[in-house]
Structure formats: C-alpha cells, structure tokens
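Take any residue in the sequence shown, count from 1 to its spot, add 405: that is its number in my numbering.
Since the structure comes first, as structure tokens, the remarks are kept for the end.
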Amino acid sequence: MPKLKVLIVGYGDLGSDIAGKLTCLGVHVFGVARGPRATGEVDMIRADVTAPESLGRLREIQPDIIVYCVAASGQTDAEYKQAYVDGLSNVLMTQAGNHQLKHVFFVSSTRVYGQQTDDILDETITPIATDFGGERLLEAESLLQQLACGTTILRLSGIYGPGRLRMIQLAKATERWPQHNNWSNRIHRGDAASFVVFLIQKLLAGKTISPCYIVTDAKPVSQYEVLIWIASELALGHPEQLPVVGGKRLSNQLMMSSGFQLQYPDYQAGYHALLQELSVD
C-alpha cells in the first residue's frame, strides 16, 4: 500500500512542526517554501505560492492531503491578499486534476472575529471581520467551498512557543505595555501542530471531522494577567492590573470534543515550559 502523501504549503515553524510529527508516523511529506530549509525526511519544493509558474511540481505529486499554512510577509492588505487569497487559489488550481485529493486544511486565524463582545465565541457564531486581515482570511476560507473533497478551516488564536517570544519580551519592557487591558487568546505552537496531525489521523481512521475549528487553549485571559505572571516569574517589577476593556474570548469546546488533549491547556503551562527552555539555553 503506498504511503499517504501530505503536502504542506508554507514550511515555516508551524509547517515544519506538523511535518516532523507526520514523518514520525511514516507519512510521505512534501513541503513548499520560498527558500532553502533543513528538512530531514521531508521532500522540499522551492516555490512561491504567488507565482503560479513556480508551482508545476505540485501537479505531479498528487497529494492525498494538503495543509495550507502560509504566513503573510507583512501587515498590509496587498500582502494578505497575495498570501491567503491568491496563494491558496494558485495552489488549488494545481490540483484540478488530482482525483486522489481527500482533504484540504486551511490555517486561518481568529482575526476573522472582529466583534468585541462579552459573549464567548465559538464556531456557531458568524465571524464579523473589522479589518483587512480578517476580510482577506474570510475571502480565502470561501475558496474551499469550490472543492469536491473534504475541507477544514483551522482558525488559530495567537501562536506562541519557541521563537515566538513576543509576550516574554514585552513583559521585560513595562514602558511598552498596552495602555488598555484586552481579552486575549493563544495556542502553543506544539499544540496547534499536534491538533492538525490528530485530525489527519482521524481522517485515516475513517472518522468524520468538522469543517471548522477554533484552535485555542482552554483559558481566555487578559493581556495584563499574562504579562504580570511572566514578569513575576522573571522576578521583575510590573504595573498594576487594569480593568479588562474590549477584546474577545474564544471557546475551544469543539476542538476538545474531538478527543484531542492539549499539552499546554493554559498560558501558565506554556510559558512555564518556555521560560525553562530559555533558562537552560
């Protein structure tokens, strides 16, 4: 029986984490990146999703599953359109003749939920984008509707983990703390990658998965609570807690009802592990 072929488009830190976990399961993984990558057992393709002429190899591979986890190169409308709308469209066009394609995963963002509310938002709530980023991500999500195969949208909250240390760096610079204390949501990169692999395993077992998941940990929390906790762990002084004004809280109940288990169920577990790694380094 031939190996399952998974194409990971966007071989950054999340994509490479997913790839590493899949190769350990004996999956044949192809990765797409614009530049060279150290990849181990992954077959790499140097290509640019915004340049259709560079994507010819994707037609030849005939993958069973695609994971599209490209990151925009900047925070402008044009860059979001290129990475998410144009890029995804270009990749999907290469698969027009692929009758083996079983499922496409699109890594989106909880940025699509622009509404600020006291309610806890879940997948039953219609997202209301309030900026170009959310609008472009919703536009890209809508492209999946044209596919005959299964599709799943993964709306990730704020990713943190090795190499993503923004909150730790911010905790050390109190003069840069936000003037308002908003609700925030996050997911450790390792848990995000593990959930994608978990869903792929469910598909292989013939089980049904949802067309959309909010991928976030079990504890929405204010930004100041996280910053104060990190500062305290580092034995640093910090400002007083501010009242929470704005932001949103997200539910991960659908994700957890799938049977998945988080390694880092809240920010304390995740940042404790990160701080330990940094102290060893």
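C-beta: ideal position from N, C-alpha, C; glycine also.
State buried or exposed for A351, treating a residue as buried only when at least 16 other CB atoms are found within 10 Å of its CB.
No answer is possible for residue 351: the residues shown for the chain start at 406 and end at 686.
Starting from V620, trace the beta strand (DSSP E) both ways and give me its first and last residue.
Indexing the sequence shown from 1 puts residue 620 at position 215. From DSSP, the beta strand (DSSP E) with V620 extends over C617 to V620.
CA nearest to the CA of K507, picked from V472, S459 and G538:
Taking the sequence shown and counting its residues from 1, one reaches residue 507 at position 102. Taking only the C-alpha atoms, the option nearest K507 is V472.
Helix, strand or coil at S513 [DSSP, three-state]:
Numbered from 1 along the sequence shown, position 108 holds the residue referred to as residue 513. S513 falls in the strand class under three-state DSSP.
Are the Cβ atoms of T515 and I619 separated by less than 8 Å?
Position 110 of the sequence shown, counted from the start, is the residue given in the question as residue 515. Position 214 of the sequence shown, counted from the start, is the residue given in the question as residue 619. Against a cut-off of 8 Å, the Cβ pair of I619 and T515 comes out as a contact.
So, do the stretch 576-592 and the stretch 628-642 have three or more beta carbon pairs nearer to each other than 8 Å?
yes
Looking at S589: is its Cβ nearer than 8 Å to the Cβ of G652?
Reading the sequence shown from its first residue, position 184 is the one you call residue 589. Reading the sequence shown from its first residue, position 247 is the one you call residue 652. Result yes, Cβ atoms of S589 and G652 sit closer than 8 Å.
First and last residue of the alpha helix (DSSP H) that includes V601?
Here the question's residue 601 lines up with position 196 in the sequence shown. Segment R594 to L609, the alpha helix (DSSP H) holding V601.
Selected residue, minimal CA-CA separation from H433, among G440, L542 and G425
To locate residue 433, count along the sequence shown from 1; it is residue 28. Comparing Cα-Cα distances from H433 to each of G440, L542 and G425, the minimum goes to G425.
Counting only the same chain and skipping the five closest in sequence on each side, list residues whose C-beta sits under 7 Å from that of L667.
Locating residue 667 in the sequence shown gives position 262, where the first residue counts as 1. Once the five neighbours on either side are set aside, the close Cβ partners of L667 are D596, D622 and A623.
Going by alpha carbons, who is nearest to T477 out of V512, R451, I450 and G445?
Within the sequence shown, residue 477 is the residue found at index 72, counting from 1. Going by the sequence as given, residue 477 is Ala instead of Thr. Among V512, R451, I450 and G445, the Cα nearest to that of A477 is on V512.
Residue range of the unbroken beta strand (DSSP E) whose run includes Y473
One-based indexing of the sequence shown puts residue 473 at position 68. Unbroken beta strand (DSSP E) run through Y473: I470 to Y473.
Helix, strand or coil at V437 according to DSSP, with G and I counted as helix
Position 32 of the sequence shown, counted from the start, is the residue given in the question as residue 437. Of the three classes helix, strand and coil, the one that applies to V437 here is strand, per DSSP.
DSSP puts H504 in a beta bridge; with which residues?
Residue numbering aside, residue 504 sits at position 99 when the sequence shown is read from its first letter. According to DSSP, H504 bridges with nothing at all.
Under the DSSP definition of a beta bridge, which residues are partnered with G563?
In the sequence shown, counting from the first residue as 1, residue 563 sits at position 158. Answer is R591.
Where V490 and S627 are concerned, what is the direct C-alpha to C-alpha distance, given to the nearest angstrom?
Translated into the one-based positions of the sequence shown, residue 490 becomes position 85. Translated into the one-based positions of the sequence shown, residue 627 becomes position 222. Approximately 32 Å, taken between the alpha carbons.
Would you list the residues sitting across from R569 in a DSSP beta bridge?
As a working note, residue 569 is residue 164 in the sequence shown. BP columns for R569 point to G566.
By Cβ distance below 6 Å, which residues in the same chain neighbour L409 in space, the five residues on each side in sequence not counted?
Position 4 of the sequence shown, counted from the first residue, corresponds to residue 409. Same-chain partners within the cutoff: V432 and D469.
In angstroms with no decimal places, state the Cα-to-Cα distance between L412 and P648.
The residue labelled residue 412 in the question sits at position 7 within the sequence shown. The residue labelled residue 648 in the question sits at position 243 within the sequence shown. Distance between the alpha carbons of L412 and P648 is about 45 Å.
Nearest neighbour of A483, chosen from P567, L683 and E540 [CA to CA]:
Here residue 483 corresponds to residue number 78 of the sequence shown, with the count starting at 1. Selected option, being the one with the closest Cα: E540.
Could you spell out the range, first to last residue, of the beta strand (DSSP E) harbouring D448?
The residue given as residue 448 occupies position 43 in the sequence shown. Taken as a continuous stretch (DSSP letters only), the beta strand (DSSP E) holding D448 covers D448 to R451.
For the beta strand (DSSP E) that I413 lies in, which residues bound it at each end?
Position 8 of the sequence shown, counted from the start, is the residue given in the question as residue 413. Residues K410 to V414.
According to the Cβ coordinates, are Y629 and Q606 closer than 8 Å?
Here residue 629 is taken as the residue at index 224 of the sequence shown, counted from 1. Here residue 606 is taken as the residue at index 201 of the sequence shown, counted from 1. Contact: no.
So which of Y518, G664 and I423 has the shortest CA-CA distance to L655?
In the sequence shown, residue 655 corresponds to position 250, counting from 1. That would be Y518, whose Cα lies nearest to the Cα of L655.
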